[in-house]
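Taken in sequence, the protein lines are chains A and B. Following my numbering from start to finish, the first sequence increments by one per residue and tops out at 442. Following my numbering from start to finish, the second sequence increments by one per residue and tops out at 442. Idealized CB from N, CA, C, for every residue including glycine.
There are 2 protein chains.
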Amino acid sequence: MPNRLTAVDAARRIAAGDLTSEALVRACLARIAARDAEVKAWCWIDPAQAIAAAREADTRRLLDAGKLGPLHGVPVGIKDIIDTADMPTQHNSRIFRGHRPARDAACVTILRAAGAVILGKTETVEFASHGRNPVTVNPHDFARTPGGSSSGSAAAVAADMVPLSFGTQTGGSIIRPGAFCGVYGFKPTHGLVSSEGAKPFSPTLDTIGWYARSAADLRLLADVFEVADGTTAPAPAAGSLRIGICRTEYWSRAEPGMRDAMATAERRLRAAGAQVEDVALGPALAALNDLKETVMRVEGRVAFLDLERARPDLLSPGIVKRMADARQRGHGALRDALDRAAVARIEFDRLAGAFDALLTPAANGEAPLGLTFTGDPIFNGLWTLLHAPCVTVPGLVGPAGLPIGLQLVAPRYRDARLLAVAETLGALLAGADATR
Amino acid sequence: MPNRLTAVDAARRIAAGDLTSEALVRACLARIAARDAEVKAWCWIDPAQAIAAAREADTRRLLDAGKLGPLHGVPVGIKDIIDTADMPTQHNSRIFRGHRPARDAACVTILRAAGAVILGKTETVEFASHGRNPVTVNPHDFARTPGGSSSGSAAAVAADMVPLSFGTQTGGSIIRPGAFCGVYGFKPTHGLVSSEGAKPFSPTLDTIGWYARSAADLRLLADVFEVADGTTAPAPAAGSLRIGICRTEYWSRAEPGMRDAMATAERRLRAAGAQVEDVALGPALAALNDLKETVMRVEGRVAFLDLERARPDLLSPGIVKRMADARQRGHGALRDALDRAAVARIEFDRLAGAFDALLTPAANGEAPLGLTFTGDPIFNGLWTLLHAPCVTVPGLVGPAGLPIGLQLVAPRYRDARLLAVAETLGALLAGADATR
Numbered sequence: 007m008p009n010r011l012t013a014v015d016a017a018r019r020i021a022a023g024d025l026t027s028e029a030l031v032r033a034c035l036a037r038i039a040a041r042d043a044e045v046k047a048w049c050w051i052d053p054a055q056a057i058a059a060a061r062e063a064d065t066r067r068l069l070d071a072g073k074l075g076p077l078h079g080v081p082v083g084i085k086d087i088i089d090t091a092d093m094p095t096q097h098n099s100r101i102f103r104g105h106r107p108a109r110d111a112a113c114v115t116i117l118r119a120a121g122a123v124i125l126g127k128t129e130t131v132e133f134a135s136h137g138r139n140p141v142t143v144n145p146h147d148f149a150r151t152p153g154g155s156s157s158g159s160a161a162a163v164a165a166d167m168v169p170l171s172f173g174t175q176t177g178g179s180i181i182r183p184g185a186f187c188g189v190y191g192f193k194p195t196h197g198l199v200s201s202e203g204a205k206p207f208s209p210t211l212d213t214i215g216w217y218a219r220s221a222a223d224l225r226l227l228a229d230v231f232e233v234a235d236g237t238t239a240p241a242p243a244a245g246s247l248r249i250g251i252c253r254t255e256y257w258s259r260a261e262p263g264m265r266d267a268m269a270t271a272e273r274r275l276r277a278a279g280a281q282v283e284d285v286a287l288g289p290a291l292a293a294l295n296d297l298k299e300t301v302m303r304v305e306g307r308v309a310f311l312d313l314e315r316a317r318p319d320l321l322s323p324g325i326v327k328r329m330a331d332a333r334q335r336g337h338g339a340l341r342d343a344l345d346r347a348a349v350a351r352i353e354f355d356r357l358a359g360a361f362d363a364l365l366t367p368a369a370n371g372e373a374p375l376g377l378t379f380t381g382d383p384i385f386n387g388l389w390t391l392l393h394a395p396c397v398t399v400p401g402l403v404g405p406a407g408l409p410i411g412l413q414l415v416a417p418r419y420r421d422a423r424l425l426a427v428a429e430t431l432g433a434l435l436a437g438a439d440a441t442r
Numbered sequence: 007m008p009n010r011l012t013a014v015d016a017a018r019r020i021a022a023g024d025l026t027s028e029a030l031v032r033a034c035l036a037r038i039a040a041r042d043a044e045v046k047a048w049c050w051i052d053p054a055q056a057i058a059a060a061r062e063a064d065t066r067r068l069l070d071a072g073k074l075g076p077l078h079g080v081p082v083g084i085k086d087i088i089d090t091a092d093m094p095t096q097h098n099s100r101i102f103r104g105h106r107p108a109r110d111a112a113c114v115t116i117l118r119a120a121g122a123v124i125l126g127k128t129e130t131v132e133f134a135s136h137g138r139n140p141v142t143v144n145p146h147d148f149a150r151t152p153g154g155s156s157s158g159s160a161a162a163v164a165a166d167m168v169p170l171s172f173g174t175q176t177g178g179s180i181i182r183p184g185a186f187c188g189v190y191g192f193k194p195t196h197g198l199v200s201s202e203g204a205k206p207f208s209p210t211l212d213t214i215g216w217y218a219r220s221a222a223d224l225r226l227l228a229d230v231f232e233v234a235d236g237t238t239a240p241a242p243a244a245g246s247l248r249i250g251i252c253r254t255e256y257w258s259r260a261e262p263g264m265r266d267a268m269a270t271a272e273r274r275l276r277a278a279g280a281q282v283e284d285v286a287l288g289p290a291l292a293a294l295n296d297l298k299e300t301v302m303r304v305e306g307r308v309a310f311l312d313l314e315r316a317r318p319d320l321l322s323p324g325i326v327k328r329m330a331d332a333r334q335r336g337h338g339a340l341r342d343a344l345d346r347a348a349v350a351r352i353e354f355d356r357l358a359g360a361f362d363a364l365l366t367p368a369a370n371g372e373a374p375l376g377l378t379f380t381g382d383p384i385f386n387g388l389w390t391l392l393h394a395p396c397v398t399v400p401g402l403v404g405p406a407g408l409p410i411g412l413q414l415v416a417p418r419y420r421d422a423r424l425l426a427v428a429e430t431l432g433a434l435l436a437g438a439d440a441t442r
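Rendered as structure tokens:
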């Protein structure tokens, strides 16, 4: 079933002529037809348009065989707060019902230039903020949330509907859904991927990232986006790694399944010969989630002011309420939070720079029951505020039989090394050795 | 001639029924018809559309007299890197020729919600970056640049074609054209005005701001955009002020006309009873323009990657060359510059917090001859990097008979106080006393 291929494998087969983009896209569409009535990952998809794009990719392959992009013919899902010129972009907002942007977001342009086929738009929390929740369910248990706000992107990749998808993270909106759905998720260092054409919420925090079913796929996209600064790094031997275990000040919120998963990962790393030690963030890195909340709310007041002025009737009360709270906090609170965060970044890079990566929970535990709560971002917000690159590494399972995701975090701009370490850890959690 | 009214006066007269928006817009259009063949401030304007919008404002005034926005019926010019749904947005780029955005930029939505009439689009440097220069000339001397990149916005206000206009600053693109054209320009604290729908160049630096012919007009817009955090501050008595004179490490680049202007301002402040003292930025605040250049180039590489991938043939060589340079510098240089800038912000706020404002050059001197060089941003970039609010205060004249602009700078989020001080200084430079 080509829809189960990783992007690396699919791109290789397409380039070699062993698979057509059309066959791959048709397999994805068939999977969506079979499963999306239940999973509800996609808010917009036009099979005929997707097939036409795939056919065009197949034609171009014949004409320009020597200069194919690294994603040639590979389908990608796009979170619906990211603009697409040939598909609606509705932000799960009543204000944007039927909205058609005139241009692609920067990341969509880069994907298309790399040869990707944009398959459709995926469900999101309203403006990836605090409004309406998506209808998407967790593909592993329809009674549970897939996490949010990049709900549809994580669920679509987890359900083998598409090999790659794009999301955004302001609090924990990439890493947490990745954990709940059991896929790899990557939030690059802040600022390395243009967020032009994605709906702003909190520019200090907003980061574009992506999902895949393999660490190598995350790296493929990192190369396309020049995130890795030209460096390449093969997956290191597990025995060569130095990993810091960072339980954070929020460890009491980790559920038993997450505690077991962290212990399992630590045990396997040690068994493989890795150096593993506990890392405490210390007082200079305390209360980062509180600072994140201040930044998010006060910047959110700026980001949504136009909608509050123009269409207050159609903006969800959760957003309006937080804007009022931000007015109470005032700009002085923002300055204080930004300055503390800037100093914390320097401190964190120094601390984490001694390790290949820090290992920390990607979420409290398994996906919670119900769709009204997309889960707690408490193990995510601090890293987002630190601008640190983060990866969800799947592979472990919790007491309810659902995925448990661990998170690797590195100093800013060490994205290439982090993704290489994620490949090694992913193989270790899956029981294999990535270095062969 | 209503086109010479300030925005405050025009809004007051329109609200009172002493002036119609249509009469005001027609006066602006007549001025544009008479002068813009030479000044070339506007890259797009449709008189019929502007008059229709003004008429609609006049009708709404009759129907909703009790709930008029603070800018009801007042025309505003918009720099052409800012999206408008009912006008083209072309960025002075061959890639965007004829481009029509589907939505207004956030600042345009807020302006319209406040009752403003969007008059047309103003000339800009390509993407407000390093590409094609605009055709706009300085309204005071057609052989000279109006400055850039917000060239058309500054020139249009200076030439009495419109009372208000919007621009953006990444280096010195608001403050410097304001100085060269002899108008007030305001760059708010970074992050207080949403830049959604304005073309990104360097998100750490990009800031939306505006031009007017009075300090009170700057404050009117600051209130509309909630920049002042709810505080109001009347123009203080000049004798109550404590002003720091900050010549910066770049003082040797100040021309004789600027040196005279700074001396004149200092003399008048002292004569009015203000406390005036020299302020040195010190080693912690040295070389900020070099850091700004690094941030701008490395972030510019991210911002323009989509266009480089999709349309390299139509992107100006100046931009492509700087992207190549940014790849050489690498992400490590960005991290270093961002961290130094963050620490410098804390240091600067402490230093400048002892004063009502710092007084510093807005540019090297008068507008240079020719249109190939929009002038040196050396007295601007450092403040942009510091995220400090800045105002161009006009009123003085240089040896060639052209405007010389001074600049007031304050710690972050002290925008309201800064604008009040600008009103006092402006009156002092114009020879009157703003406090009556």
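Q: Would you mind telling me which residues of chain B sit closer than 7 Å to A/A157, beta carbon to beta carbon, in chain order?
A: Checking the sequence shown, residue 157 of chain A turns out to be Ser, not Ala. Those within 7 Å of A/S157 in chain B number zero; the least Cβ separation is about 23 Å.
Q) Going along the chain, which residues of the segment 135–164 of chain B sit with their C-beta nearer than 8 Å to a C-beta in chain A? A) For chain A, none of the residues of the segment 135–164 of chain B brings a beta carbon within less than 8 Å of one of its beta carbons.
Q. Quick one: does B/G250 have its CB under 7 Å from some CB of chain A?
A. No, no contact with chain A.
**Q.** Distance CB(A/K193)-CB(A/F133) smaller than 7 Å
**A.** Result no, Cβ atoms of A/K193 and A/F133 do not sit closer than 7 Å.
Q: Mind checking which residues open and close the alpha helix (DSSP H) that includes A/K327?
A: Run containing A/K327: P323 to A358, per the alpha helix (DSSP H) assignment.
Q: Taking B/E28 as part of the alpha helix (DSSP H), name the residues at either end of that continuous run.
A: Per DSSP, the unbroken alpha helix (DSSP H) holding B/E28 starts and ends at S27 to V45.
Q.
As a quick exercise: from B/T300, B/T254 and B/M329, pick the residue whose alpha carbon is nearest that of B/P289.
A. Per the Cα distances, B/T254.
Q: Give the DSSP-derived three-state secondary structure of B/G401 in the structure shown.
A: Residue state, collapsed to three classes: strand.
Q: Could you check the C-alpha separation between A/S220 and A/P183 for me, to the nearest Å?
A: Their Cα atoms are separated by approximately 16 Å.
Q: Less than 8 Å between the CB atoms is what I'm expecting for A/P409 and A/F207, so what's the real figure, rounded?
A: That pair is no contact at about 27 Å.
Q) Using 7 Å as the limit for Cβ to Cβ distance, is B/D454 near chain A? A) Because chain B in this structure spans residues 7 to 442, residue 454 of chain B falls outside the shown range and cannot be described.
(Q) Just to confirm my understanding: we take A/R442, look at its own chain, exclude 5 residues before and 5 after, and list those with CB closer than 7 Å. What are they? (A) Caution applies to A/R442, whose pLDDT of 36 falls short of 50 and renders its modelled position unreliable; the model cannot decide the point.
Q | Between the CA atoms of B/A316 and B/A330 - distance to the nearest angstrom | A | Each residue's Cα considered, the two are about 16 Å apart.
Q. For A/P289, which residues in chain B fall below 8 Å Cβ to Cβ?
A. Residues of chain B passing the Cβ test: none, with the nearest at roughly 18 Å.
Q: Count the CB pairs spanning the segment 46–53 of chain A and the segment 10–24 of chain A that are closer than 8 Å, and state whether there are at least three.
A: Touching, no.
**Q.** Outcome for A/K73 when other beta-carbon atoms lying within 10 angstroms are tallied against a minimum of 16
**A.** That one is exposed.
Q: Identify whether B/D284 lies in helix, strand or coil by the three-state DSSP scheme.
A: Strand, per DSSP.
Q) Is there contact between the segment 119–137 of chain B and the segment 152–164 of chain B, where contact requires at least three CB pairs shorter than 8 Å? A) Cβ pair count under 8 Å is three or more, so yes.
Q.
Would B/V397 pass as an interface residue toward chain A - the criterion being a Cβ-Cβ separation below 7 Å?
A. For B/V397, no Cβ of chain A is located within less than 7 Å of the residue's own Cβ.
Q: Can you give me the start and stop residues for the alpha helix (DSSP H) that A/L226 sits inside?
A: A/L226 -> alpha helix (DSSP H) spans A221 to V230.
Q.
Taking the straight line between their C-alpha atoms, what separation do you get for A/R328 and A/A111?
A. Whole-angstrom Cα-Cα distance: 27 Å.
Q: Look at B/L425 and B/R225 and say whether their C-beta atoms are less than 7 Å apart.
A: One thing to note: B/L425 has its Cβ within 7 Å of the Cβ of B/R225.
Q: Would you please verify whether the beta carbon of B/T95 is less than 7 Å from any beta carbon of chain A?
A: Residue contact with chain A for B/T95: absent (no Cβ-Cβ distance below 7 Å to any residue of chain A).
Q | For A/R341 and B/V308, the rounded distance between their alpha carbons | A | For B/V308 and A/R341, the distance between alpha carbons rounds to 26 Å.
Q.
Give me, in chain order, the residues of the same chain whose beta-carbon lies closer than 8 Å to that of A/G376; leave out the 5 immediate sequence neighbours on both sides.
A. By the criterion of a C-beta distance shorter than 8 Å, A/G376 is surrounded in its chain by A149, R150 and T151, once the five residues flanking it on both sides are discounted.
Q) Buried or exposed: which applies to A/A269, given that a residue is buried once 16 or more other Cβ atoms fall within 10 Å of its Cβ? A) By the Cβ neighbour-count rule, A/A269 is exposed, with fewer than 16 other Cβ atoms within 10 Å of its own.
**Q.** Rounded separation between A/P367 and A/P400 - CA only
**A.** Each residue's Cα considered, the two are about 11 Å apart.
Q) For the putative contact between B/V301 and B/R335, defined by C-beta atoms under 8 Å, what is the C-beta separation to the nearest angstrom? A) That pair is no contact at about 10 Å.
Q.
By DSSP's criteria, A/D266 is part of a beta bridge. Which residues make up the other side?
A. By DSSP's assignment, A/D266 forms no beta bridge with any residue.
Q. In chain order, what residues of the segment 103–136 of chain A put their CB closer than 9 Å to some CB of chain B?
A. Within the segment 103–136 of chain A, the residues whose Cβ lies closer than 9 Å to some Cβ of chain B are H105, R106, P107, A108, R109, D110, A111, A112, C113, V114, T115, I116, R118, A119 and A120, listed in chain order.
Q) Shorter than 7 Å from the beta carbon of A/G336 to some beta carbon of chain B? A) Chain B, which has a Cβ nearer than 7 Å to the Cβ of A/G336, makes this yes.
Q. In three-state terms, what does DSSP make of B/D439?
A. Here the model assigns B/D439 a pLDDT of 45, short of 50, so the residue's position is not dependable and the matter cannot be decided.
Q) Which residue from A/P76, A/I116, A/L294 and A/R37 puts its Cα closest to that of A/A22? A) With distances taken between Cα atoms, A/A22 lies closest to A/P76.
Q.
Any contact between the segment 240–249 of chain A and the segment 30–41 of chain A? By contact I mean 3 or more CB pairs, one from each, below 8 Å.
A. By the Cβ test, the segment 240–249 of chain A is not in contact with the segment 30–41 of chain A, since fewer than three Cβ pairs between them sit closer than 8 Å.
Q | Minimum Cβ-Cβ distance from B/I88 to chain C less than 7 Å | A | In summary, chain C is missing from the structure at hand, where the protein chains are A and B.
Q: For A/A428, collect the residues of the same chain with a Cβ closer than 6 Å to its Cβ; drop the 5 residues on either side in sequence, then sort them by chain order.
A: Closer than 6 Å at the Cβ level, and outside the excluded window around A/A428, lie A221, V397, V399 and L414.
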